[in-house]
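**Student:**
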Amino acid sequence: MRFRSLTLEEFVQAVSSALPQTLRSIVLFGSAVTGDFVASASRYDLLIVVERLGFGELEALRDSFRQWTRAGHPTPLLLTVEEVRHSTDAFAIEWLDLLQARRVLAGGDPLVGMTIDPAHLRLHLERELKGKLLALREEYVLAQGRRQQTTDLMIHSLSTFLVLSRAALRLYQGEVPAAKLDALRVLASHISLDPQPFLVVAALKEGKRRLDAAATQRLFQDYLSAVEAIVSAVDRRLHPPAEASASG
Numbered sequence: 016m017r018f019r020s021l022t023l024e025e026f027v028q029a030v031s032s033a034l035p036q037t038l039r040s041i042v043l044f045g046s047a048v049t050g051d052f053v054a055s056a057s058r059y060d061l062l063i064v065v066e067r068l069g070f071g072e073l074e075a076l077r078d079s080f081r082q083w084t085r086a087g088h089p090t091p092l093l094l095t096v097e098e099v100r101h102s103t104d105a106f107a108i109e110w111l112d113l114l115q116a117r118r119v120l121a122g123g124d125p126l127v128g129m130t131i132d133p134a135h136l137r138l139h140l141e142r143e144l145k146g147k148l149l150a151l152r153e154e155y156v157l158a159q160g161r162r163q164q165t166t167d168l169m170i171h172s173l174s175t176f177l178v179l180s181r182a183a184l185r186l187y188q189g190e191v192p193a194a195k196l197d198a199l200r201v202l203a204s205h206i207s208l209d210p211q212p213f214l215v216v217a218a219l220k221e222g223k224r225r226l227d228a229a230a231t232q233r234l235f236q237d238y239l240s241a242v243e244a245i246v247s248a249v250d251r252r253l254h255p256p257a258e259a260s261a262s263g
């Protein structure tokens, strides 16, 4: 059986038809609502909230999800109403970004009244940053110096590190720009960070730049150093020397 990919509007309609009784919300978030969307490279991020999520609901969504992901879009976040209420600790970064910028495509707004404990943000951010840094190093080694694989690695990791950079900025100030690159530039005013490697990778993602093998290796070195600078700054922010001395 052949499946065709769905447009955003078709997918929303397909999910609404598949779950007429239990669907509560479909929410668009990410680059499509923050001004970062790149038509040739970005995808739609969606949150789907249902009243209950059993085997029957999963079966009903199977075909529409398959068609949606075949177009390259990430699998939507699929949560129950109860899970949304009780996941602010586990998904602090995602909920804060959603609270700042989202568009309800169907149903009601599931985030009304939601608050995030700053302690949950700090724990989530530290874990995510260090884990993604480890993955970046490992994947570079596996790329074995090949230009295209190294370029793809940077492009595919860019959005994640920009999201985490925006979350890191929340440690320094209350209001942060919704656009990820804007948030990165503001973060650079708080910590020792050169945002240029991220800007070059963004240009590669948009198809505005192309680098030879040697330039790609230099860019990755600078990109890695910039990520490490963010991780180090967050680590110092969360675990300042005075705190370490007091605990010792």
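When we follow the working numbering, the leftmost residue of the sequence shown carries the number 16, and every step to the right adds one.
Virtual Cβ for every residue (Gly too), placed ideally from N, Cα, C.
Remember, predicted model here, so these are calculated numbers, not experimental data.
(1) Does the structure place the segment 106-121 close enough to the segment 135-148 that three or more beta carbon pairs sit under 8 Å?
(2) Between L199 and P212, what straight-line distance do the alpha-carbon atoms span, to the nearest angstrom?
(3) Can you have a look at P89 and say buried or exposed, based on whether 16 or more other CB atoms are within 10 angstroms of its CB?
(4) What separation, rounded to the nearest whole angstrom, lies between the Cα atoms of L34 and A158?
(5) Hey, how far is the Cα of A244 from the Cα of T103?
(6) Fully enclosed by the segment 39-70, which beta strand (DSSP E) runs are 3 residues long or longer?
(7) With a cut-off of 8 Å, does the C-beta of E154 fall near any C-beta of chain D?
(8) Residue range of the beta strand (DSSP E) that L92 falls in?
(9) Look at the Cβ atom of K223, then the Cβ atom of I170, and state whether they are nearer than 8 Å.
(10) If you run the structure through DSSP and keep just helix, strand and coil, what is A121?
(11) Using three-state DSSP, classify F213 as helix, strand or coil.
(12) Between which two residues does the alpha helix (DSSP H) holding I108 run?
(13) Please classify R185 as buried or exposed, where buried requires at least 16 neighbouring CB atoms within 10 angstroms.
(14) Report yes if the C-beta distance between A218 and P210 is below 8 Å; otherwise report no.
(15) For the 8 Å Cβ check, are there 3 or more pairs between the segment 140-156 and the segment 112-126?
(16) If distances are taken between C-alpha atoms only, which option among L149, F26, L151 comes closest to L62?
(17) Can the beta-carbon of E72 be found less than 8 Å from the beta-carbon of V65?
(18) Beta-carbon separation of V30 and L38 under 8 Å?
(19) What distance in whole Å lies between the Cβ atoms of L196 and V215, which are believed to be in contact at a cut-off of 8 Å?
(20) Measuring CB to CB, does L21 end up less than 8 Å from S79?
(21) Taking Cβ positions, are T231 and T130 nearer each other than 8 Å?
(22) Tell me the rounded alpha-carbon separation between G263 and D132.
**Tutor:** In short:
(1) yes
(2) 11 Å
(3) exposed
(4) 42 Å
(5) 27 Å
(6) 60-65
(7) No chain D appears in the structure shown, which is made up of a single protein chain.
(8) 92-95
(9) no
(10) strand
(11) helix
(12) 107-115
(13) buried
(14) no
(15) no
(16) F26
(17) yes
(18) yes
(19) With 8 Å as the limit, V215 and L196 do not qualify as a contact, their Cβ atoms being about 12 Å apart.
(20) yes
(21) no
(22) Low confidence applies here, because G263 scores a pLDDT of 47, under 50, leaving its location unreliable and the question unanswered by this model.
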